[in-house]
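Okay, structure first, notes after.
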Amino acid sequence: MSGLKTFFSELKRRKVINTVLPYVGVVWLLLQVISVVVPLLSLPPLVGTFSAVLLFALFPVVLYLAWFYDLTSNGIVLTPADDSGTVTPLGWKNWVALCGILLLSCGIGFSYFQQVRSNSLKAEEGIKTVQIADSIAVVGIKDQSPEQDQQYLAEGLTEEITSLLGKMPNLTVAASGSGLVLSKQGLDPVAIGRRLEVKTVLTGSVRRTGDQLKVRLELLETEKGHTLWTETLQRSLSDVFALETQIARAVVNLLQDNYLDQTDISNHANTQSVDAYVLYLKGREQYRLQTTEAIKEARKLFEQAIALDPEYAQAYVALADTFVLLSDGKREFGVLKPDIAGQLASENLTKAFLRQPEIAEAFAIQGKVFEIQQQNDQALAAYDKAISLNPNLAIAYMWRYILLKMQGRYDESLISLEQSYRLDPVSVTTLYNTGLEMSLRGEYAEAEQRFTQLIADFPESPWGVAGLGGVAAIQGNLAQSIKFWQQAHLLSPQNKQIKSDYVSVMLRLGMAEQAKPMATEPFYEATLLLLSGAYTELFQSMDFQLAANPDDGWIAFEAGWYQLLVGDKTKGIELLIAAHKLINNTELYAMPMCSPAIELAWALQQRSDDVTASSYIQKCRLQLEDSRKGKLVDYDLAYLAARLAVLAGEHDRALQQLELAISHGWREWWLSKDPLMQALKDNDKFRQLHMNLSRLLDKEKQQALLLFPDTPTQQTATQH
């Protein structure tokens, strides 16, 4: 109580009220004048609002200054610090406090003014916030044209409006692809919104009659399905970009407190040619089919659009995208050599950037081009730039995830994957990769559920079944895995990745005869000879390859490995040591097996080069520790740990890790022939583990052979 009394006494001594009251009077007088002058001069009402907010915002500043200064007949004088009459100049702390109060007051005032301004501008346009929402999907815009031949236009509007909304901060926008997939399944817009986990959906229809467009729009909330807003707009096709911008701006103003005017959102990558735009939309329609033939057709259509309007930036971006997809890789529609595809894509992106330097999709595709050119740091920077321009660009997050994972940045990669899935949950790529990561963490039931959902959403895609095959293989259920890979191969017989994984599982079970019809590439020859027991032919083949490729470290390593398994151990060691001088240092530590570094370390130990061997072993240990931080349940990591323990002479730990690897699904026939494990060959527990593994492999092989009733079985030479 005494403190409060002292405070009021000090207020009186410093004559704070005497200073503040005149300011209040001046403020009142100014507001009266402003209230008369603003309408008299036909000034905008916001002039009066701004003046009032400014005057009120300065009140705390005046109050603070009144504590230190008196307003007298002789002017403004500094108030004595106490009753002694001693005047003390203000120190730097006082001025810092004054600046802080000024900034805080002005900040609060500016925020309030912006809110008033937003509401005022919305009122002028007849708009009011119907519901505060931070997420939306644009779905189910239907073609209501008389000929029902404008679906490409309806889907194009969906994509373009989604892209414009995606650039808005604080608004999560589901990818248009997910909405299109669910729309084709016959789900209503509200159900689609719930599946995509957004609070609102924008739906409607488009009707084209000649050069005229009639667009009917409806904004719905997904909790109860209530309609929040409807509108019907009519424009000529030549005004379609202004129409898209108007729609996106209206939606943001309806769902957010802030107000967007016409300059805050726009599509700068548009065209003045209606015909070019139509060709672009038809190209996008083909692109969405994601087949080799469709991508080729999309390329032609984008080239035609550019021919009609050489300044059409978005068409250059789309054309570059087709070149990336046509690059020869693991994707089934690869028909161009990667270096050629990368060069063509890069040329078109350069043209796009010259015309419009801030296209998010262009930076995402540029990142993919950098990956093709093996410039990973530049690729990551490009993905980050794309995300900064459009924080809702799902494909940029997906490509970023893949690159980060390849670089061993596992935790960061998962963050990007989760964001991609949140934005685009009904996508083959996101469903497959999230399922894959679940399986690697040992979440097998969740992974199977994700792949089953992929099959339901995309019954013609092989990747859902392929995912189930991967889950089975990770758990050591190789026969079941082969069954799934069979189905995936039937769905996509030309897919190189699926065929490779299918053959790989068969070879793990020693099923050389069954694998031969598909293992036609030259790199399978050595493995087939090994499994067939044709060792003489195997070593002759490897000698030929060594002579033809004397500088290829990987061929030297492969030849050495086969010698160690079934040939001359001394020659095998020599080949491994020769290989380590030829293989790039960045490739030595490929995870999850840290191979070929771990095998080279063993070979160097055999030649008493313990110093070099130790450096390899230490790096592999660090790689193993980093990989296990991601909570991966990976049998290869456990087997690597067993090998490292053997090299360190820790046999009990090696046996423990080997048992763990087998329990997690490690199924390789060459365990007893692994030179790194020879130190354990006389150990009773090792023999028991090897016997258990052999029984598991035999059981899986017998079950798998039933899937090939027309293929003669053959006893391979590489029995356990």
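Quick note: the sequence shown uses the working numbering, first residue 30, plus one each step. Positions of the beta carbon are idealized from the N, C-alpha and C atoms, including for glycine. Computed from a predicted model, the values in this text were never measured in an experiment.
Contact between the segment 270-288 and the segment 177-191 is present: three or more C-beta pairs spanning the two stretches fall below 8 Å.
Of all C-beta pairs linking the segment 214-222 to the segment 161-181, three or more are shorter than 8 Å, placing the two stretches in contact.
Residue range S164 to D172 is occupied by the beta strand (DSSP E) that includes V167. Scanning L575, A588 and D530 for the CA closest to the CA of L558 turns up A588. Burial check for R429: the Cβ neighbour count within 10 Å reaches 16 or more, so the residue is buried.
With respect to K730, L594 sits apart: the two C-beta atoms are not nearer than 9 Å. A straight line joining the alpha-carbon of Q263 with that of L193 spans about 20 Å.
By the beta-carbon neighbour count (other beta carbons within 10 angstroms, threshold 16), W590 is buried. Within the segment 200-246, the complete beta strand (DSSP E) segments at least 3 residues long are 229-238, listed from N- to C-terminus. Counting along the chain, S265 sits inside the beta strand (DSSP E) bounded by residues T256 to S265. Going by beta carbons, V230 and V244 fall outside the 9 Å limit. If you check the CB distance, T259 and L248 come in under 9 Å. W695: not part of any alpha helix (DSSP H); DSSP gives it neither H nor E.
The C-alpha of L211 is placed about 13 Å away from the C-alpha of K171. Under the 10 Å beta carbon count, V269 is surrounded by 16 or more other beta carbons and is classified as buried. A203 and N421 have their C-alpha atoms roughly 7 Å apart. With respect to the C-alpha of T191, the residue from E252, V62 and R278 having the closest C-alpha is R278. Taking a cut-off of 8 Å on C-beta distances, the segment 524-542 touches the segment 696-715, as three or more cross pairs fall below it. By the CB criterion at 9 Å, L452 and A495 fall outside the cutoff. For F513, the enclosing alpha helix (DSSP H) stretches over residues L507 to L520.
Excluding residues up to 5 positions away in sequence, nothing lies with its Cβ nearer than 7 Å to the Cβ of P579 in the same chain. Taking C-alpha positions only, Q515 is separated from L669 by approximately 30 Å. In the DSSP assignment, D530 falls within the unbroken alpha helix (DSSP H) covering K525 to R537. Closest in C-alpha terms to S134, from the list P89, Y93, A162 and A126, comes P89.
When rounded, the separation of the alpha-carbon atoms in K710 and R657 is 28 Å. E340 carries a coil assignment under DSSP once its states are collapsed to helix, strand and coil. Put simply, the backbone Cα of Q173 is about 22 Å away from that of L318. Short of 7 Å from the beta carbon of Q482, and not among the five residues preceding or following it, lie these beta carbons of its own chain, in chain order: L460.
Looking at the backbone, the Cα of A608 and that of K648 are separated by about 18 Å. For R451, the enclosing alpha helix (DSSP H) begins and ends at Y439 to L452.
Note on the segment 402-441: whole alpha helix (DSSP H) runs with a minimum of 4 residues are 405-418 and 423-435, in chain order. For R657, the uninterrupted alpha helix (DSSP H) run begins and ends at D639 to R657, by DSSP.
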